[in-house]
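Q:
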Amino acid sequence: MRPGRRPLRAPRVPVVWLLLLFWGSLLAGVARAGPEQDFVKRGRDYYGLFQYEKAKEQFEKAIQLDSSCAEAHFHLGLCLRKLNQIDAALRSLERALELDPEDLDCQKAVASIYIQMAKDQKTAGNRDKTVQFLRKACHAYPQNSHNWVSLFELYQQEGKWSEITKCAALLKKANREALDVGEDKNLQTALVMVANAYKEQQDHARAREFLNLAGMIRHPNDTLLRLKQELAAHSKDVANSYLEEGRALYEKKQYKAALDALLKAQGADSSNQEVNDLLEKIRHEATLADFTQAADEAEKAGNFDAALEHLNRAQAFDPNNVQVQERIASITDFLEKRERAAARRKAEELAKRQAQADKKARLDVFLNAARDNEKKLAFDAALINYQQALALDKANPEILAAIQRTEKAAAEQKARMERFGERFNQAAELVKQDQHDQAYALLKELADDPLNPQARLLPLLIDTCLKLGKFDEAGELTRRLAEVQPESDAVTYYRGAVAFYQGDFAAAREPLYKVYERDRSFRPELSGMIWQLWFDKYKWGLILAGFFLSLQLGKWGYDLFQRLRKAHAEAAVERALASGQYEKLIPLLEQKLSDTGFLENRKQLTIALAEAYLRQGRFQEAAQRANEVVQKDARNPQALRILGEAYFQLGETNPDAIEKIHNLFKLDESRRDLLAFLATHFRSIQADHKLAMEVLQKQIALSPDDQETVFYLADLFLKRQNFQAAHVRVFERATKFDPERPEYLHGLIQCLRQANRSEEANRLLEKGQEKWPGSDLFTRRSEAPSHGSRLAARRAPVSLGGAAPESDLPPLPDQAGLPPLPPDEAPLPPPPPLVDNPLASLPSLTDPEPTSQPAPPEPTEAFELPPLPPLTPPAPPAAGGVPYPSCGASNHPREYYCGTCGKPLR
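Under our numbering, think of the first position of the sequence shown as 1, with each following residue one higher.
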């Protein structure tokens with residue numbers, strides 16, 4: 001291997017897959033193995049020891065357990081053959097072959113038996129039986145080409161060419177692999193014999209096919225060459241013979257027979273153009289005749305659509321056929337006329353029926369509603385419906401009679417309901433006074449009148465019967481109520497209540513449970529019924545449960561006694577832990593944790609020991625004990641707290657220790673000693689990642705006088721050229737702590753410009769120019785212009801009449817005629833500081849700005865500020881416009897954002 005190159009590693013993935021495949025197949029075999037496999041295994045062992053009788057018994061037992069076990073049938077057949085029971089062996093092997101047709105061993109076994117039987121019949125001189133058994137052997141194991149040759153020789157001797165051709169497909173299909181190999185000479189002989197049979201039947205196409213298959217086997221064969229020569233010599237004669245036969249059949253309009261003859265002629269001589277032309281012509285005429293005949297049959301049956309479809313297919317097949325075109329035009333014209341006449345009649349009938357149906361439908365609606373209301377004894381609503389129906393059919397005497405009948409019935413019903421209401425209220429008062437006998441008599445009299453509202457009357461009567469103990473009558477009344485209100489909860493409740501009071505708890509349980517699930521406050525006594533039903537169902541279970549519970553309580557008492565004995569041993573540790581005497585607690589905890597056995601509260605004891613170490617100042621041991629807990633429970637807050645405190649006391653600065661100390665600080669952010677430790681560490685390693693920046697910013701937020709942190713952040717921001725509005729406080733403090741460094745003042749100016757505080761930035765810029773006149777930090781070119789300064793520069797007006805600012809570009813020829821640009825907009829107020837920024841809460845080190853700004857100093861020779869344009873008052877809003885209070889620009893009432901400054905209007 002050349003130096004500098006990594007050694008190649010052997011791929012381990014295939015090994016893993018092989019192991020998984022092996023174990024998977026093993027487990028699948030175990031899962032698939034049934035009880036019969038034990039007998040199969042024992043039978044195979046006996047068979048290997050030549051004990052065929054015992055092997056036979058084992059295989060028969062396996063078949064009794066699973067008759068579909070192909071392996072058992074196969075080995076049983078082998079045993080029976082060894083025992084010279086040929087017929088039984090053949091039946092078993094054929095059954096095994098039915099269950100597993102792809103078993104090659106079984107195929108060979110069946111074929112060998114048939115071969116033996118064929119030899120026996122041949123010896124006996126029975127030729128037909130010999131052929132029969134030999135044919136079965138070939139079908140059982142078609143890959144044995146020698147058997148095919150023997151069978152075909154017998155067929156050739158008798159001239160049964162059709163029998164040979166019947167076996168041709170199976171021979172070809174079963175020996176495809178042998179054809180690809182090309183070494184089986186017997187297979188070549190069998191294929192040549194099949195080709196000879198097709199030649200004798202004058203089917204030269206199939207004969208050539210099998211001769212080509214025989215040619216795939218690489219052995220010289222004179223018969224093969226001879227047959228090819230004979231086919232080549234006689235193919236034209238055979239083709240002409242079939243051509244004449246096909247032409248005669250074509251003239252008789254027997255297209256199918258003619259096609260069969262011509263196909264044979266084409267197979268004999270495919271280059272005969274006359275045969276090909278006649279074949280194409282017959283196919284064309286036969287197809288056209290089929291379409292035409294189908295159209296004729298459909299037209300006779302009256303199915304013109306199907307006839308037209310067949311004719312269209314015929315026209316697509318023969319577009320120039322005039323007769324087909326004329327028939328299509330005739331049928332299409334007939335169908336169009338019939339459809340137009342039918343559509344016209346249908347429209348007229350539909351309009352007439354629609355008018356009648358609309359009137360009848362409205363009349364039926366009113367009459368049906370009136371009849372329904374009459375059945376419901378709602379005679380007032382029925383009278384209104386009859387009057388609406390009379391408006392549609394004013395001369396209908398039935399409607400007039402119905403109106404009179406309804407008016408009379410409404411008056412009678414009103415009087416009857418008044419009498420019913422008085423007597424029903426009287427019965428309800430009697431029920432409230434517990435005079436159930438008198439109430440029962442009154443309600444019974446009212447219930448006998450079917451015109452009274454049964455849905456209102458029957459529930460009170462059923463309750464009265466239940467109070468009086470008349471359960472049979474209550475059941476009958478419940479059936480009457482079910483006819484009036486079949487889906488009512490009251491019917492379900494009364495069915496269950498009647499069964500309950502009769503003592504049939506099994507019949508009462510289902511309806512009462514159903515009502516109780518829907519509404520537990522349906523009846524006051526429902527809860528008591530449910531409780532009694534529940535107790536009746538589970539009383540024996542409760543008795544047994546109490547018995548077993550007493551046994552369990554005894555067991556629990558024994559376990560409690562054992563736990564008390566164990567707790568007595570731990571009492572010393574608990575007392576020492578509660579008293580806080582850590583110098584006494586540490587030996588006890590160390591002794592307890594030194595036990596290698598199972599300890600339920602090992603984690604709590606380890607944390608207590610770590611806490612004791614921490615309180616005694618043994619920080620290294622406290623960190624070790626806390627780390628043991630953290631390795632098993634990474635989110636344990638007590639262990640993390642102890643570990644962070646121990647690392648802090650030890651002054652550890654590795655990444656894991658810094659993470660634990662930072663987590664401890666997050667638990668108690670009032671601990672400035674932790675924050676100062678973290679800030680010192682990050683400053684010492686020159687860290688600038690997110691966690692370091694967060695810690696350092698919190699440090700200066702809590703300790704504004706920490707000069708080292710302020711200088712570190714200021715230098716870091718200068719190094720990154722990261723000037724943001726949030727960094728103003730940092731540079732203010734850096735400038736205050738070290739006013740002699742122009743870089744800090746330069747950074748402060750840049751941050752102020754990013755905060756859109758241009759006036760303060762300009763004032764500090766002038767101070768910097770005065771203090772460091774030769775520095776490049778306080779020139780216009782060295783400043784990173786803010787968005788406000790770029791906007792002001794872009795929109796500053798050009799004085800065309802006075803002195804223009806210096807520029808290297810030549811003036812435009814028409815510059816004097818340009819109008820002055822509009823004045824600059826009012827500067828936007830600085831954005832409020834971010835809430836999440838800890839620097840925003842720092843107090844400002846500079847004096848607060850006065851309300852009125854002093855006049856700027858005179859420009860020096862080194863740098864001169866361009867004069868600012870005067871501010872103009874905002875233009876008044878246009879009529880109907882919406883003024884924005886900041887810039888004063890007018891906006892359309894439908895606008896959401898200001899078109900001038902881009903801020904939202906609402």
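Glycine included, every Cβ here is placed at the ideal spot set by N, Cα and C.
State the DSSP-derived secondary structure class of Ile749, mapped to helix, strand or coil.
A: Residue state, collapsed to three classes: helix.
Q: Could you tell me how far apart the beta carbons of Gly733 and Tyr712 are, in whole angstroms, since I believe they sit closer than 8 Å?
A: According to the sequence displayed, residue 733 carries Arg and not Gly. Contact flag wrong, Cβ pair sits at about 12 Å.
Q: Would DSSP call Trp923 helix, strand or coil?
A: A question about residue 923 goes unanswered here, because the residues of the chain that appear run from 1 up to 906.
Q: Within 10 Å of its beta-carbon, does Ser521 have 16 or more other beta-carbons around it, so buried, or fewer, so exposed?
A: exposed
Q: Rounded to whole angstroms, what is the Cα-Cα separation between Asn837 and Asn627?
A: Interpretation of Asn837 is limited by its pLDDT of 35, a score under 50 that renders its predicted location unreliable; the figure taken from the coordinates is listed afterwards. So the two alpha carbons sit approximately 35 Å from each other.
Q: Quick check on the burial criterion: 16 or more other C-beta atoms within 10 angstroms. Buried or exposed for Gln492?
A: Contrary to the premise, residue 492 reads as Thr rather than Gln in this sequence. With 16 or more other Cβ atoms within 10 Å, it is buried.
Q: Taking the Cβ atom as the reference point for each residue, do Gly496 and Val515 lie within a distance shorter than 9 Å?
A: yes
Q: By Cβ distance, which residues of its chain are closer than 6 Å to Cys79, with the 5 residues on each side in sequence left out?
A: Tyr52, Ala55 and Lys56
Q: I'd like the span of the alpha helix (DSSP H) that includes Glu183, first residue to last.
A: In the DSSP assignment, Glu183 falls outside any alpha helix (DSSP H) and carries neither an H nor an E.
Q: Helix, strand or coil: which one does DSSP assign to Ile86?
A: helix
Q: Just checking my contact of Trp161 with Ala197 at CB under 8 Å: how many whole Å lie between their CB atoms?
A: 4 Å
Q: Should Lys592 go down as buried or exposed, given a rule of 16 or more other Cβ atoms within 10 Å for buried?
A: Label assigned to Lys592: buried.
Q: Examine the Cβ distances between the segment 327-344 and the segment 363-373 and report whether three or more of them are shorter than 8 Å.
A: no
Q: Does the segment 433-443 come close enough to the segment 405-414 to have 3 or more Cβ pairs within less than 8 Å?
A: no
Q: Report buried or exposed for Ser890, applying the criterion of at least 16 other Cβ atoms within 10 angstroms of its Cβ.
A: buried
Q: Would you mind giving the Cβ-Cβ distance between Lys666 and Asp633, rounded to the nearest angstrom? I have them listed as a contact below 8 Å.
A: Between Asp633 and Lys666 the Cβ distance is about 19 Å, and since that is not below 8 Å, they are no contact.
Q: To the nearest angstrom, how far is it from the Cα of Leu83 to the Cα of His73?
A: Our two residues, Leu83 and His73, have alpha carbons roughly 15 Å apart in a direct line.
Q: Which class does Asn196 belong to by DSSP, given the choice of helix, strand or coil?
A: Of the three classes helix, strand and coil, the one that applies to Asn196 here is helix, per DSSP.
Q: So, using beta-carbon positions, are Ile661 and Ala639 closer together than 9 Å?
A: no
Q: For Glu163, tell me which candidate among Phe420, Val194 and Leu745 has the shortest Cα-Cα distance.
A: Val194
Q: With distances taken from CA atoms, which of Gln202, Ala137 and Asn186 is nearest Thr165?
A: Gln202
Q: Would you list, in sequence order, the uninterrupted beta strand (DSSP E) runs of no fewer than 3 residues that lie entirely inside the segment 336-385?
A: Runs of the beta strand (DSSP E) inside the segment 336-385: none found.
Q: Kindly examine the ligand COA and report whether one of its heavy atoms sits closer than 8 Å to the Cβ of Ala168.
A: Among the components of this structure there are no ligands whatsoever, and the ligand COA is therefore not found.
Q: Could you give the residue range of the alpha helix (DSSP H) that holds Gly421?
A: Pro397 to Lys432
Q: Can you give me the C-alpha to C-alpha distance between Pro637 and His689, rounded to a whole angstrom?
A: 26 Å
Q: Taking C-beta to C-beta, are Ala190 and Phe152 nearer than 9 Å?
A: yes
Q: Roughly how many angstroms lie between the CA atoms of Cys106 and Ala140, to the nearest whole one?
A: 9 Å
Q: Taking the alpha helix (DSSP H) that Ala111 falls in, what are its first and last residues?
A: Leu104 to Ala124
Q: Thinking just about the alpha-carbon of each residue, which of Asn663, Asp128 and Gly651 is nearest to the one in Glu158?
A: Asp128
Q: Taking DSSP as the reference, what is the three-state secondary structure of Gly651?
A: The answer is coil: DSSP assigns Gly651 none of H, G, I, E or B.
Q: Where does Pro742 fall in DSSP's three states?
A: If DSSP states are grouped into helix, strand and coil, Pro742 belongs with the helices.
Q: Could you have a look at Ala496 and say whether DSSP puts it in helix, strand or coil?
A: The identity of residue 496 in the sequence shown is Gly, whereas the question assumes Ala. Here Gly496 sits in helix by DSSP.
Q: Does the Cβ of Thr123 have 16 or more other Cβ atoms within 10 Å, making it buried, or fewer, making it exposed?
A: exposed
Q: Using a Cβ-Cβ cutoff of less than 6 Å, which residues in the same chain neighbour Pro856 once the five nearest sequence positions on both sides are dropped?
A: A caution first: Pro856 carries a pLDDT of 36, below 50, which makes its placement in the model unreliable, though a value can still be read off. Cβ within range, chain order: n/a, list empty.
Q: Buried or exposed for Gly580, going by 16 or more other Cβ atoms inside 10 Å?
A: So Gly580 ends up on the exposed side.
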